[in-house]
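Comments concern the structure below.
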Amino acid sequence: MSTRIYKGHPGPGIKVTGEALVASDNFSARYDLDLVKGIVSRPAHKLAGQSYVGKILILNIAKGGVASAWMLRDMVQSGRTPKALILNFANPIMAQGAAFADLPLIDRFEVDITEAIKSGEMVTVDPAAGTLTVGGVMSASHGQASD
Amino acid sequence: MKLDEHQKAMLAGAEGPARKYAMEQILKVGRFFDAEDCVPISQVHLMADPEALGPSGVDFLESLAKMPLAERRVRVPAITDPRGVDFNAYKRLGQTETMANLERRATAAFEALGFMMTNTCINYQSVIPPVLGEHIAFGDTGSSIYANSVLGARTNFEGGPSALAAALTGYTPRYGYHLDSYRRGKTHFEVTARPRDLAEWGALGGLVGRAMRSYWEVPVLSGIEGPVTSDEIKQFGAALASFGSTPLFHMIGITPEAPDLKAVFDGPIPAATTLGRAEIDRLMDSYRPKDDKLDVVVFAAPQLSLFEMQTLAQHLDGRRIHKDVALLATTSPDIKAAADRMGLTASIEGAGGMVLSGVCFYQMYARDIGEANGWKRLMSNSAKLVNILGGYGYEPILDSMSACVESAVAGRIVGASS
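Taken in sequence, the protein lines are chains S and P.
So the first sequence is residues 389 to 535, counted in our numbering.
So the second sequence is residues 6 to 423, counted in our numbering.
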């Protein structure tokens, strides 16, 4: 299986590997998630009812309110958190929240990242390099990614 | 990112761990957005309700609040967004002691840091409105979009951790809406039907917000004849920022950076998307329920201005809200005090409503209080509120203040558009 690498803008957080959970919908922690159950709770969201815990959550753009800036850290500390957040376009709230939480975050890819990656694919997120690597995770030059 | 000597010293910890944290946060966010340096800001508005903070956020604030006075005090005037608990009402609303204790701890920590507990999202109406060109760090999407668009001040959305960093240092990273180039119009809408009430102004904002593809897209609206009132443009902006993720709009002939289309666009003026009666109606209709059951009516998001409080009091004066329906109105502590003094609160509460102070409905554990009170079907004239509450287990309905009040009195959904 060939390796695909997508380049975005570097962001906060450490390198992680996990299973992708992807939708073309947008993202707000306060408006879209049930933080206690760890599921997407907005009925109209394509991922409604699905658990994001431990996933590489890949969505379109950051929407909505400022609460996510606090909530991402609480999510990380509670353990009910995605491993990384990948967006076509973050906004300052997501960047501020990811920085505060040390949650891996990358955005601004050369392609629509929600089209490029399918749910269920194994993805390595390297925020310092700003890259997503799909497939060939075990044989990648960095070896198995840490998480 | 370039830092001056003072900023470097704070980053190195020379002024204590609180300001070190603040500079690290500034640097991380600044690098993410390729900021060249920091910009001094004149005031900070911080969003940090206890539901958003969570226990870990409150622990973090308390860790800062324990530091020596010189190390922990904010460096510019810093004020707060609505809190999560109104201590005069929380028991009646079914909020728990756990929520109240978290609120008490957060408030004590903010006071120790030197925050002024204004507890309002309408600070641009009720505290100190910033002025054209003033660099600020505002932390509520509604207050940010109003300050940027209507007043011409300059802010990004500053979420709590970054607004706190701005307060502790007096700086924020210079990126996005602090820069001239980011404030130029990107997308053009021609409005062909003037909204008829605040709910429709919110619906129009929602339509524009839904069309926004990122934080960086600046919508420009033409076709709206002035004047527009502060409450109208507040509802419009709050909904735009809630449905989208956009902190700046231009309204031709109305907002200060948009005297005409040529002034706001670089290059040729883009073709306009038309927004008219059909689009507004369609958005309102998308919240129309199948039957007329009603549990609660909420006026909030943003908190009510003094004028809105007066209008609500006039609607409710001498009326009686149905025993099976609750009616809540949220406002700032300062407006609440004025409303008390002017008899507006008495008119609203005399009809059976509740006026809540220093809170806003969606920032006060809305999911939990809905479950505690059996509230599912919720009616409001705030497009922002109905947008948010769809994710909180409610079935929200958007209609005018008048229709909301008539429905609260009737005990079922009524009104011109029901």
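By construction, the Cβ of each residue, glycine as well, lies at the ideal position given by its N, Cα and C atoms.
As the structure is a prediction and not an experimental result, all values here were calculated from the model.
Under the Cβ criterion of 8 Å, Asp-145 of chain P is counted among the residues facing chain S.
In the three-state DSSP reduction, Lys-443 of chain S falls in the coil class, being neither helix nor strand. The closest CA to that of Ala-478 of chain S, considering only S:Arg-496, S:Lys-434, S:Gln-465 and S:Val-464, is found on S:Arg-496. Taking CB atoms only, Val-454 of chain S has a neighbour in chain P less than 8 Å away. DSSP places Glu-376 of chain P inside the alpha helix (DSSP H), whose first and last residues are 371-378.
Residue contact check for Phe-497 of chain S against chain P: no CB pair falls below 8 Å. Within the segment 44-65 of chain P, the residues whose Cβ lies closer than 8 Å to some Cβ of chain S are Met-52, Ala-53, Asp-54, Glu-56, Ala-57, Leu-58, Gly-59, Pro-60, Ser-61, Gly-62 and Phe-65, listed in chain order. Restricted to the segment 220-257 of chain P, the beta strand (DSSP E) segments that are unbroken, complete and at least 3 residues in length are 224-227, listed in chain order.
Each residue's CA atom was taken as its position, placing Leu-184 of chain P and Thr-160 of chain P some 10 Å apart. In the three-state reduction of the DSSP assignment, Phe-143 of chain P falls in the strand class, which pools E and B. Those residues of the segment 217-244 of chain P placed with their C-beta closer than 9 Å to a C-beta in chain S are Met-217, Arg-218, Ser-219, Tyr-220 and Trp-221, ordered along the chain. For a cut-off of 8 Å, the C-beta gap from Ser-235 of chain P to Gly-214 of chain P is around 19 Å, too long to register as a contact. Residue environment for Asp-296 of chain P: exposed (fewer than 16 other C-beta atoms within 10 angstroms of its C-beta). The segment 412-495 of chain S contains, as complete alpha helix (DSSP H) runs of 4+ residues, the segments 417-420, 456-466 and 480-489 (chain order). Fully enclosed beta strand (DSSP E) runs of no fewer than 3 residues occupy 83-85 of the segment 56-132 of chain P, in order along the chain. Taking C-beta separations shorter than 6 Å and ignoring five residues to either side along the sequence, the partners of Ala-413 of chain P in its chain run Val-302, Ile-326, Val-330 and Leu-332, following chain order.
Taken atom to atom, the span from the alpha-carbon of Gly-485 of chain S to that of Ile-474 of chain S is near 13 Å. Your pair Arg-199 of chain P and Ile-229 of chain P checks out as a contact, with CB atoms roughly 6 Å apart and the cut at 8 Å.
Secondary structure in the segment 277-360 of chain P: the beta strand (DSSP E) runs of 3 residues or longer, each lying completely within the stretch, are 278-280, 301-309 and 331-336 in chain order.
Under the Cβ criterion of 8 Å, Ile-393 of chain P is counted among the residues facing chain S.
In the DSSP annotation of this structure, the continuous segment of the beta strand (DSSP E) that includes Cys-43 of chain P starts and ends at 43-45. Annotated three-state conformation of Asp-185 of chain P is helix, per DSSP. Contact between Lys-381 of chain P and Asp-300 of chain P is confirmed by a C-beta separation of about 6 Å, below the 8 Å threshold. Thr-279 of chain P is classed as exposed because its beta carbon has fewer than 16 other beta carbons within 10 Å across all chains shown. Counting of Cβ neighbours within 10 angstroms places Phe-120 of chain P among the buried residues, the total reaching 16 or more. Take Ala-356 of chain P, set aside five residues on each side of it, and the residues of its chain with a beta-carbon closer than 7 Å to its own are Leu-321, Arg-324, Arg-325 and Ile-326, in chain order.
Per DSSP, Phe-37 of chain P is not a residue of any beta strand (DSSP E); the alpha helix (DSSP H) it occupies stretches across 22-37. Of all residues in the segment 333-347 of chain P, none has a C-beta nearer than 8 Å to a C-beta of chain S.
Cβ-Cβ distances below 7 Å link Glu-262 of chain P to Gly-157, Arg-188, His-255 and Val-269 in the same chain, with the five nearest sequence neighbours on each side left out; the list follows chain order. Only those residues of the segment 12-35 of chain P whose C-beta falls short of 8 Å from the nearest C-beta of chain S are listed: Gln-30, Lys-33 and Val-34. Bounds of the alpha helix (DSSP H) holding Arg-215 of chain P are 203-216.
The C-alpha of Ile-393 of chain P lies about 14 Å from the C-alpha of Asp-373 of chain P. Rounded to the nearest whole angstrom, the CA to CA distance from Gly-147 of chain P to Thr-391 of chain S is 44 Å.
Taking the Cβ atoms as the reference, Cys-365 of chain P lies roughly 4 Å from Pro-87 of chain P, within the contact range of under 8 Å. In the same chain as Thr-469 of chain S, and ignoring 5 residues on each side of it, the C-beta atoms closer than 6 Å to its own belong to Met-463, in chain order. One finds Ile-393 and Gly-396 in chain P with Cβ atoms closer than 7 Å to the Cβ of Tyr-419 of chain S, taken in chain order.
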